[in-house]
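Everything below concerns the one structure shown next.
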Amino acid sequence: MKRIPALFVPRRLNELAYGVKLVVYALLLLWTAIVLFPLYWLVITSFKLPIDVADGPNYLPFVDFTPSLHAWKYIFFDLGRDTLRPYVNSVVVSSVATVVAVLIGSMAAYGLARIEYRPSVGAVAMFVISTAAAASLMFWGGANWLLAIASGAAVFFILLRVLAKRFRRRLGNDDILFWVISQRILPPVVTAIPIYLMFKQLGLLDTRTALVITYATVNLPIVVWLMFDFFSAVPSELEESAQIDGASRFGIFFDIALPLVKPGLVATSLLVLILCWNEYLLALFLSTAEAQTMPLLVAAQNATRGPQWWYMSVLIVIMICPVIVLTVTLQRFITKGLLVGAIKG
Amino acid sequence: MSATVPVRSKSVALLGIGKTFGTVRVLRDLSLEVHPGEFLVLLGESGCGKTTALRIIAGLEAASEGRVQIGGEDVTERLPKDRDVAMVFQSYALYPHKTVAQNIAYPLTIRRMAHAAIDAQVKEVAQSVQLAHLLDRYPRQLSGGQRQRVALARAIVRRPSVFLMDEPLSNLDAKLRGHMRAELKHMQYELGITTIYVTHDQIEAMTLAHRVALMDKGVLQQLAPPAHIYSDPANLFVAGFIGSPPMNFLRGRLADGIFQAPGVRVTTSRSLDGAEVILGVRPEDCTLADPSRAQLQGRIYSIELIGDHTLVTLKAGEQEVVVKAPNIFSGEMGGSIGLCVNPERVYLFRAQSGERIRG
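From first to last, the protein sequence lines stand for chains U and R.
Remember, the working numbering sits 5 above the position in the first sequence when you count from 1.
Remember, the working numbering sits 1 above the position in the second sequence when you count from 1.
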């Protein structure tokens, strides 16, 4: 097994000299303050009256200003269902999209880590040509989409049979992996309008389904890229052993490989979940009222009367709570050393 | 694990197996047959193709040419799981997220055997390899020797028709290795299952095998019982590989049945006049003698007391000869000395091809 070299040798803090220790603690304290201050500001702003916000910086509750629950009341009771709906939307869309992306992405990553693919450049080119042909047939030729797909597929298979053997150059797993991650090269703004048009065509605008499909798709490359490394780190002898013991490919994936990459799986899921949870741009295009998610609701507090910081703060506080809870609970799964004992004595 | 277990071990045959990785040829026309119940050791230095051969038998690697037969059936195209073989890996390849019991049970669980039957079999096998008290542990909580035994138990529990072992003892310390070697031999004797065992260690090969297949650069050099491979090597490579300290080789010429080199004159029964040859003689087949009456005259280059014997290195001309002498050897470094060899135990090889010249 490859050993990962330690970047630096960890030293215990209490081994350091007294003066050094003081400096280290001071720096750590400073950094903690920098990190925590925005959160603190957020929480106290949610208890401020508009006047306390407008009045210039007020730092300490009960000293600089008198805390008020008015914003909380407004969000929970006056808005009520209009807060709950986006919240439920966010929970459903993020979790379903994460599960879908991680499941499909892991399988793709496992395949790329364990099976050698050698698609020929010719075959790939022919697929692109036939897809383009089918698309133009549909748009300019006005053909029925089923007919377009069928003829595209037919063209592809004929070209593949006739011409593909003439192409010598083949692609490998690295190329496929690069192609997967290259899906993230385009800025989301560029893809937002095509995606919008696509879902409009499908009649899925302002539905959770559209958001789930979109989020799962845009996050797939991240899952594949991360999980590829985790699967590559599993010694292949374990899987060969399982193969001889009688397990099938799927059996090996679910019985051996997946449990061994659990820490990576949890970390990846958490990352994807957070990306979905905070996503704004695509949600803006794809949802108007029914499928609205939390980021949109937060942004909506920037109304005609100017940003309403107090409402916004309440919404952000309730939005970050589940993420913090989840991160803390799942952290214990993100441990190292799961492979200890697998190989070598 | 008693003799009442029906022995259903099978023969294994390789027919003209070749394997290339890219442009590198690792196996060349390898053909051999392993009899049912036989313990065959594939011996050779790292890179000689022995592990590749084992992996081809297991089905983990596809042969570039040739066929694989198990029990007379052609299994060349079959998946590993359909070959009824069990394999012990050099690294043990235990599943780290499963307990010892689950590790051993895995081949049975996969086959959807009833829980009660699995439990009974796991217990029985664990008992036989002294793991019964460790069934709830995880591999990371075990010592090297214990992990080794879990790997063995996982292979045994299925009662396969063939065992494949890839240097299973090489990660153990020397003392434990000796102990496990004996256990392995006994286990194979009791189970009577055809075993193909890969190692680079000639002691393991000599002690365990019914027959040894010695390989070099992807080519089978000799396939014979250990005693035979020691006393009747097929060529220079086999002669030099087997034996510790290794066989002495002297370059010289053959004239009138007499081998001649500077300071050396050995009468042999072979007549191959004027040929450039290599004379091989094992350190244990030489005796030190008075220079005037000896076939080889030289000076003592070094003396090493091993314990039960002394290794004396002589220099005759430019060539070195190692002799296994009694531990009470009294010569001195630099002193002149002679050597007698047993003409019955002298081997001659062609200098060019390394081929053995037989009488």
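Where a beta carbon is used, it is the ideal one built from N, C-alpha and C, also for glycine.
Note that the structure is predicted; figures quoted are calculated from it, not measured.
Shorter than 9 Å from the beta carbon of R/G60 to some beta carbon of chain U? yes
Apply the 10 Å Cβ neighbour rule to U/W315 and answer buried if 16 or more other Cβ atoms are within range, or exposed otherwise. buried
Using a beta-carbon distance cut-off of less than 9 Å, what residues from the segment 282-298 of chain U approach chain R? none
Span separating the alpha-carbon of R/R294 from that of R/H201: 40 Å
Within the same chain, show all residues whose beta-carbon is closer than 6 Å to that of U/D211, passing over the 5 residues directly before and after it, in chain order. S292, T293, E295, A296
Rounded to whole angstroms, what is the Cα-Cα separation between R/S303 and R/L289? 14 Å
Can you name, in chain order, every residue of its own chain whose Cβ lies under 7 Å from the Cβ of U/V97, other than the five neighbours on each side? R213
How would you call U/W184, buried or exposed, if buried means at least 16 neighbouring beta carbons within 10 angstroms? exposed
Alpha carbon to alpha carbon, how far is R/P344 from U/P244? Give it in angstroms, no decimals. The question names Pro, but residue 244 of chain U in the sequence shown is Glu. Approximately 54 Å between the Cα atoms of the pair.
Taking any Cβ of chain R, which residues in the segment 249-265 of chain U have a Cβ under 7 Å from it, in chain order? I249, D250, G251, A252, G256, I261, P264, L265
Would R/V6 be called buried (16 or more neighbouring beta carbons within 10 Å of its own) or exposed? No answer about R/V6 holds up, because its pLDDT of 42 lies below 50 and its placement is not dependable.
Work out the CA separation of R/N249 and U/V229 for me, nearest whole Å. 59 Å
Per-residue DSSP class, three states only, for R/G299: strand
Suppose you measure from the CA of R/P263 to the CA of R/A256; what does that come to, to the nearest Å? 14 Å
Is the separation between the beta-carbon of U/A113 and that of U/V217 shorter than 9 Å? no
Rounded to a whole number of angstroms, what is the C-alpha to C-alpha distance between U/G127 and U/S141? 21 Å
Can you pull the chain U neighbours of R/R112, defined as C-beta to C-beta under 7 Å? G251
If you count every other CB in all the chains shown that lies within 10 Å of the CB of U/N149, and 16 or more means buried, which is it? exposed
U/W145 versus U/L164: straight-line alpha-carbon distance, rounded: 22 Å
Relative to the alpha-carbon of R/L177, which residue among R/V199, R/Q296, R/Q149 has its alpha-carbon at the smallest distance? R/Q149
DSSP three-state call for U/D260: helix, strand or coil? helix
Distance between U/L265 and R/M114 (C-alpha atoms, nearest Å): 25 Å
Where U/L243 meets chain R, residues with beta-carbon distance less than 7 Å: A94, Y96
The segment 266-286 of chain U touching the segment 75-84 of chain R, judged by at least three CB pairs closer than 8 Å: no
If R/A127 sits next to R/A154, beta carbons under 8 Å apart, how far is it from one beta carbon to the other, in whole angstroms? 6 Å
Between R/A352 and R/I279, which are expected to be in contact by the criterion C-beta below 8 Å, what is the C-beta distance as a whole number of angstroms? 5 Å
Which same chain residues end up closer than 6 Å to R/A210 when comparing Cβ atoms and leaving out the 5 residues on each side of it in sequence? F40, V42, P227
Is it true that the CB of U/S318 sits closer than 9 Å to the CB of U/T50? yes
Write down every uninterrupted run of the alpha helix (DSSP H) in the segment 70-112 of chain R whose length is 4 residues or greater and which is fully enclosed by it, in chain order. 101-111
9 Å Cβ cutoff met for R/M338 and R/Q296: Here residue 338 of chain R is Ile; the residue named in the question, Met, does not match the sequence. No, these two residues do not count as a Cβ contact at 9 Å.
Tell me R/T288's beta-bridge partners as DSSP assigns them. R/C341
Along chain R, which residues have their Cβ under 8 Å away from the Cβ of U/P240? S92, A94
Going along the chain, which residues of its own chain have a beta-carbon closer than 6 Å to the beta-carbon of U/Y285, five neighbours each way excluded? P300
Taking the alpha-carbon positions, what's the R/G72 to R/K11 distance? 5 Å
In the DSSP assignment, the beta strand (DSSP E) including R/I18 goes from what residue to what residue? 13-22
Output, in chain order, the set of chain R residues within a Cβ distance shorter than 8 Å of U/S156. Under the 8 Å cutoff, chain R gives no residues; its nearest Cβ is about 38 Å from U/S156.
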